[in-house]
Amino acid sequence: MNQTMQRLQKMTDSEHTPLMRILFGLDSPTPLPETLPDIDFFDQTLNESQRDAIRFALESREVALIHGPPGTGKTYTLLELLRQLVLIRNLRCLVCGPSNISVDNIVERLSPLKPAIPILRLGHPARLLPSVLNHSLDVLTTTSEAGGIVRDVRKEMDAKQASIKKTRNGRERRQIYGDLKELRKEYREREKGCVSTLVGQSKVVLATLHGAGGHQLRGERFDVVIIDEASQALEAACWIPLLGAAKVVLAGDHLQLPPTVKSSSSSAPAPSRNGNSKDSSSSSIDPKVKVSGNLELTLFTRLLSLHGPSIKRMLTTQYRMHRLISSFPSTELYEGKLVPAPAVANRLLTTLPYPVADTDDTREPLIFYDTQGGDFPEEKRKNIMLADSKCNPLEALLAARHARSLIEAGVREGDIAVITPYNAQVSLLSNLLKHEFPGLEVGSVDGFQGREKEAVVVSLVRSNLDDTSGGAGGRGEAEVGFLAEKRRLNVAMTRPRRQLCVVGDSETVGRGSGFLKRWMRFLESEAEVRYPDVGEVVG
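Quick note, the sequence shown lines up with residues 16 to 554 if you use our numbering.
In structure tokens form, the structure reads like this:
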């Protein structure tokens, strides 16, 4: 990233490509016609919003943003876009993501599609999923035709190396060393040629953003760069594949959590994403802040601020959540446009493809355990590992009790997750559940981004209306910390497919922000609301 930023800094205006000028906000993207041409799609199951996003990305001259809210099939949209670019338009594409898993996910789904596309995955084999190794550069250099010649030279080198040990004659040993030196030179040249051939012949090259800066791609040119999970990538990392690009397609969801940034920024301080440090209120970022102002400001968000919604298309049909689960985030964050596909709109835990008992806990898609009244107070845990992280022991017992009831009704452990914004609460929940139910997943909200489960229990932790410390205090004050970040709550409430169970104090949480107040009202109106008794929970 440093090298890329230094190269950008040294560039003169005349060296800036048309794409760079648009990314810097110096020029505007080429406007598109009002009506986009129709195309023949390989995947006939795509919905209209996916088709519109693909047409838009194909026709955009310099930059296109594909906004993919949770469960809207962003990856399937990118796969169709890739097939159109390569097989129909005969263009060469570089596909990147911020992590190995984000790139491997595309390789896994792209490789079996017909007609086949020559693809190459760059990256160290130890960091790749086993299922994508056959497409990795290291494997292909040993299995391809050009790699066969390299292997033969390697064998000859090994044979020469072995013969040195058997030879005591000084003249013969010098001769063998001379031959070995020439063979090593030939080996390096042939290996370099083999890599160059493989990279040059691949119509689709896939790498992490950092991997795109490796020597294998030096001097290579691509017609289109596609960056998946762009809203979770540092802008500096995005520039690595963009220095020589003519067109870029960014896919992501800027309304979920941004990339993890440990260091603070003087322009816009934000809370750490792991729930361990100070509980500042909101980490909302002003998109108009300068590029160098805050590392949490992604290229996706900045371009949206610079050029407006004309460079973006949103996927609007979600295939994950029951309609009640998706209703609030759709209204609050996605302009009411996020609608459930008919196949998922009404599915419940009781309609899983294996037997689940019809109980009070399994037949509801949305459950809210409201702990209002101060009987479930939060605590602060101080230790080296958890810093000043918050926890709520009684709330943890309640969340664990609900997860246990789902398992007893027949829901598989692996289909349930219990998540919370605070690592101290993660620790408590793990101690309560993991020994008894090792297949059940317990983790932080931040760590669960990009994941989904059939049932998700969310423990909100914060309950402090009786806390009068800090001056103004009293019953009218409430500290909600990380919960004030609506992108974190968006992640939390959009992980489940069939049931979302929220455990929290509506009085404390509802006073944290307008967004939280509206969420509490929504839960009180639409969810199965339960008022737990402390005696029952402890007993």
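Note that beta-carbon positions come from the ideal geometry of N, C-alpha and C, so glycine has one too.
Provide the residue span of the beta strand (DSSP E) that contains residue i, from first to last.
i	result
ALA222	219-223
ALA252	Where ALA252 is concerned, there is no enclosing beta strand (DSSP E), although the alpha helix (DSSP H) it sits in stretches over 250-257.
VAL78	78-82
ARG545	543-545
VAL359	Taken as a continuous stretch (DSSP letters only), VAL359 belongs to no beta strand (DSSP E), as it is neither H nor E.
VAL552	Element bounds for VAL552: not the beta strand (DSSP E) but the alpha helix (DSSP H), 549-553.
VAL147	Element bounds for VAL147: n/a, residue is neither H nor E.
Answer with buried or exposed for residue i, where buried requires no fewer than 16 other C-beta atoms within 10 angstroms of its C-beta.
i	result
GLN65	buried
GLY234	exposed
ASP28	exposed
GLU30	exposed
ARG98	buried
LYS352	exposed
GLY485	With a pLDDT of 41 at GLY485, under the threshold of 50, the modelled position of that residue is not reliable, and no figure is offered here.
ASN407	buried
MET26	exposed
ILE434	buried
SER281	Residue placement at SER281 is poorly supported in this model, since its pLDDT is 44, which falls under 50; the coordinates still yield a value, given next. Exposed, because fewer than 16 other Cβ atoms sit within 10 Å of the Cβ of SER281.
PRO113	buried
HIS450	exposed
GLY290	With a pLDDT of only 40 at GLY290, under the threshold of 50, the placement of this residue in the model should not be trusted; the figure read from the coordinates follows. Buried: at least 16 other Cβ atoms inside 10 Å.
ALA131	exposed
ALA487	Here the model assigns ALA487 a pLDDT of 40, short of 50, so the residue's position is not dependable, and the following value carries that caveat. ALA487 is exposed by the Cβ-count criterion.
GLY527	buried
ARG466	exposed
GLN440	buried
TYR546	exposed
GLY429	exposed
Is DSSP giving residue i helix, strand or coil here?
i	result
SER307	In this prediction, SER307 has a pLDDT of 47, which is less than 50 and means its spatial position is unreliable; nothing more can be read from the coordinates.
LEU137	coil
THR332	strand
LEU109	strand
PRO344	helix
VAL118	helix
VAL101	helix
ASP385	strand
SER278	coil
GLY234	coil
VAL517	strand
VAL476	coil
THR50	coil
GLY351	coil
VAL506	helix
PHE530	helix
GLN59	coil
TYR369	coil
LEU41	coil
ARG288	Residue placement at ARG288 is poorly supported in this model, since its pLDDT is 41, which falls under 50; the coordinates still yield a value, given next. Looking at ARG288 - three-state DSSP - the assignment turns out to be coil, as it is neither helix nor strand.
ALA411	helix
THR523	helix
ASP28	helix
GLY228	helix
HIS337	coil
GLY215	helix
Tell me the DSSP bridge mates of residue i?
i	result
ALA266	ILE81
LYS468	PRO511
GLU456	ALA432
GLU394	CYS406
LYS327	LEU80
Please report the residue range of the alpha helix (DSSP H) in which residue i lies.
i	result
ILE592	Past the boundaries of the shown model lies residue 592; the chain is included only from 16 to 554, so the question cannot be answered.
VAL240	Premise fails: VAL240 lies in the beta strand (DSSP E), 239-242, not in any alpha helix (DSSP H).
SER320	314-322
SER617	The first residue shown for the chain is 16 and the last is 554, placing residue 617 beyond what the model contains.
GLU74	63-74
ARG22	17-25
LYS37	Before going on, a small fix: residue 37 reads as Ile here, not Lys. ILE37 -> alpha helix (DSSP H) spans 33-38.
The stretch 97-114 in contact with the stretch 218-233 per 3-pair CB rule at 8 Å: Contact between the stretch 97-114 and the stretch 218-233 is present, because at least three Cβ pairs lie under 8 Å.
Meets three-Cβ-pair contact criterion under 8 Å: the stretch 252-263 and the stretch 222-234: When Cβ pairs closer than 8 Å are counted between the two stretches, the stretch 252-263 is seen to touch the stretch 222-234, the count reaching three or more.
Segment contact flag, the stretch 330-348 with the stretch 365-374, C-beta cutoff 8 Å, min 3 pairs: The stretch 330-348 is not in contact with the stretch 365-374.
Sufficient close CB pairs (3 or more, under 8 Å) joining the stretch 494-505 to the stretch 306-325: Fewer than three pairs of CB atoms, one per stretch, sit closer than 8 Å, so the stretch 494-505 makes no contact with the stretch 306-325.
contact_flag[the stretch 245-254, the stretch 137-145] where n(CB pairs < 8 Å) is 3 or more: With the cut-off at 8 Å, the stretch 245-254 and the stretch 137-145 do not touch.
At least three beta-carbon pairs within less than 8 Å, the stretch 389-396 to the stretch 82-100: No, because fewer than three Cβ pairs between the stretch 389-396 and the stretch 82-100 fall closer than 8 Å, the two stretches do not touch.
Segment contact flag, the stretch 272-279 with the stretch 31-39, C-beta cutoff 8 Å, min 3 pairs: Touching, no, given that fewer than three Cβ pairs across the two stretches are closer than 8 Å.
Three or more C-beta pairs below 8 Å linking the stretch 47-54 and the stretch 71-91: Touching, per the Cβ criterion.
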